[in-house]
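Chains Z and L are the protein sequences, given in the same order. Each residue of the first sequence is one higher than the last, beginning at 17 in the working numbering. Each residue of the second sequence is one higher than the last, beginning at 17 in the working numbering. Note that beta-carbon positions come from the ideal geometry of N, C-alpha and C, so glycine has one too.
Protein chains: 2
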Amino acid sequence: MIRLLLADDQALVRGALAALLDLETDLEVVAQVGRGDEVVEAARASDAEVCLLDIEMPGLTGIDAAEALRRELPGVRSLIVTTFGRPGYVRRAIEAGASGFVVKDTPARQLADAVRRVHSGLRVIDPDLAAESLIDGPSPLTGRERELLTYALDGSPVASIAARVHLSEGTVRNHLSAAIGKTGATTRSEAARIAHERGWL
Amino acid sequence: MIRLLLADDQALVRGALAALLDLETDLEVVAQVGRGDEVVEAARASDAEVCLLDIEMPGLTGIDAAEALRRELPGVRSLIVTTFGRPGYVRRAIEAGASGFVVKDTPARQLADAVRRVHSGLRVIDPDLAAESLIDGPSPLTGRERELLTYALDGSPVASIAARVHLSEGTVRNHLSAAIGKTGATTRSEAARIAHERGWL
DNA sequence: ACCTCCCCGTGACACCTGTCATCGCGCCGC
DNA sequence: GCGGCGCGATGACAGGTGTCACGGGGAGGT
């Protein structure tokens, strides 16, 4: 009997996944949480063996939760199950110690298998995503560029970004100009969108 | 026995919802599709009574699918089940003839109840969303403004938008300026983001 | 020590953008 | 018929934006 923890902020999806996995005779959902910062505690309390983690969650990212799990409960394995197959996510998930990475596009019947493989110590990574994350490599953005791009995501003017980070307007424009060059964009908001799609933020 | 059709582009979620709903003794999932433009055909072939429709799907929006269902198979009721509780979505869903609107945040056990109510002819609408969609009213955007905002969503410069719709650069700027005023934004990409969040696109 | 890279800043320049006033056209509704 | 409104367009202007050249400082590697 493999003991599972589910973490997804959408209650309906969480409950549905639980129903799906409980149909398998060798799997048992022993905990469900809706926030990333409740994962470690719930995993400890429920004595889970494998944690299915969504990435976009309040409190803590699924990737950060995987890292916390590796640190606090090294015996527990994590499997990232997410909507977005952003190449950068795969890389960061693996670096965070996750044992698997599947997108929510995969057929339902393959999920249980993925769980079993992860439980037995194997790595499960969506092959298309693995290839994609290899070809465009790691993020070329520096720390500042990444930060400023996240602030540019909503289309704020440079002046308000500069105020938020306590920097000169010129400096902000310089960093963003560099980011625009690295993403192949022509506008800061286009650059922000591209970086976001690739999981660089 | 209530006959259900599930439409969601994420295979895992679709399968999981099927598992969840099949646990109910009075419900039966008789069809599953991953595209909006396959809904009507599948509903007819499977003789479904209630259709659970996600909004964001390839081919056809869940809202448009609901409209097509009302036109082609008036006896079939639709229940929108979506990730995003954008106020404008609720309004458009109701106008398209949908009988219900729930977000994927709702507890799993309430979904089956929502299905039963819709099947019995009642309307099921998330109360918070209903209130929200009343207070900020219908979209104030004109057709052109809406179209240009969708092109502005990715942060394209005005010049490329103008080229795509075969309009003068000045005209595009005028329309976008109007949209910026109506959304309370200060930048076209901020306006695009706001309009998108409210379901005006 | 030297080089490289990231960070922060300034100044200047060309270009893009948002706003406004003003025009003409066509389509409704009253 | 006349006003209102959406649509397309032009011109002009202030201010925002992207780019480049050039500084200086600090951390890390050889």
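For chain L, check one thing: does any of its Cβ atoms lie closer than 7 Å to the Cβ of residue i?
i: residue 120(Z); result: yes
i: residue 68(Z); result: no
i: residue 153(Z); result: no
i: residue 51(Z); result: no
i: residue 29(Z); result: yes
i: residue 33(Z); result: yes
i: residue 39(Z); result: yes
i: residue 162(Z); result: no
i: residue 209(Z); result: yes
Quick check on residue i - is its C-beta less than 7 Å from some C-beta in chain Z?
i: residue 170(L); result: yes
i: residue 203(L); result: yes
i: residue 95(L); result: no
i: residue 206(L); result: yes
i: residue 123(L); result: yes
i: residue 282(L); result: With chain L represented from 17 up to 217, any question about residue 282(L) goes unanswered, as that position is not in the structure.
i: residue 22(L); result: no
i: residue 217(L); result: no
i: residue 36(L); result: yes
i: residue 103(L); result: no
i: residue 143(L); result: no
i: residue 173(L); result: yes
Cβ atoms of residue j and residue i: under 7 Å apart, would you say?
i: residue 97(Z); j: residue 68(Z); result: yes
i: residue 102(L); j: residue 214(L); result: yes
i: residue 55(Z); j: residue 93(Z); result: no
i: residue 203(Z); j: residue 173(L); result: yes
i: residue 70(L); j: residue 24(L); result: yes
i: residue 151(Z); j: residue 112(Z); result: no
i: residue 48(L); j: residue 121(Z); result: no
i: residue 188(L); j: residue 201(L); result: no
i: residue 18(Z); j: residue 65(Z); result: yes
What does a CB cutoff of less than 7 Å around residue i pick up in its chain, not counting 5 residues either side in sequence?
i: residue 180(Z); result: 167
i: residue 45(L); result: 20, 22, 34, 37 and 38
i: residue 198(Z); result: 156 and 157
i: residue 232(L); result: Since the displayed chain L opens at 17 and closes at 217, residue 232(L) lies outside it and no answer follows.
i: residue 161(Z); result: 191, 194 and 195
i: residue 58(Z); result: 21, 47 and 49
i: residue 40(L); result: 128
i: residue 130(L); result: 95, 116, 118 and 140
i: residue 212(L); result: 169
i: residue 185(Z); result: 174, 175 and 178
i: residue 53(L); result: 75 and 76
I believe residue i touches residue j by the beta-carbon criterion, under 8 Å. Please report the beta-carbon distance rounded to the nearest angstrom.
i: residue 149(L); j: residue 216(L); result: 11 Å between Cβ atoms; not a contact.
i: residue 118(L); j: residue 85(L); result: Rounded, the Cβ-Cβ distance is 17 Å, inconsistent with contact.
i: residue 28(L); j: residue 128(L); result: So it is not a contact: roughly 20 Å between Cβ atoms.
i: residue 176(Z); j: residue 205(L); result: Incorrect: roughly 13 Å between the Cβ atoms, too far for contact.
i: residue 139(L); j: residue 116(L); result: 6 Å
i: residue 220(Z); j: residue 51(Z); result: Absent from the structure is residue 220(Z), since the part of chain Z shown begins at 17 and ends at 217.
i: residue 32(Z); j: residue 124(L); result: 6 Å
Please list, in chain order, all residues of the same chain as residue i whose beta carbon is under 6 Å from its beta carbon, the five residues on each side excluded.
i: residue 208(Z); result: 165, 168 and 169
i: residue 145(Z); result: 101 and 106
i: residue 109(Z); result: 79, 96 and 117
i: residue 232(L); result: Only positions 17 to 217 of chain L appear in the structure, and residue 232(L) is not among them; the question remains open.
i: residue 171(L); result: 205
i: residue 99(Z); result: 120
Excluding five sequence neighbours on each side, which residues of the same chain lie with their C-beta closer than 8 Å to the C-beta of residue i?
i: residue 126(Z); result: 118
i: residue 163(L); result: 181
(request) Starting from the N-terminal side, write out each stretch of the beta strand (DSSP E) that is 3 residues or longer and does not extend beyond the stretch 113-140 of chain L. (result) 116-119
(message) Ignoring anything shorter than 4 residues, give me the alpha helix (DSSP H) runs that lie fully in the stretch 40-115 of chain Z, in order along the chain.
(response) With a minimum length of 4 residues, the continuous alpha helix (DSSP H) runs that stay inside the stretch 40-115 of chain Z are 55-62, 78-88 and 103-111.
(request) Tell me the start and end of each unbroken alpha helix (DSSP H) in the stretch 184-213 of chain L that is at least 4 residues and wholly inside, in chain order. (result) 185-199 and 204-213
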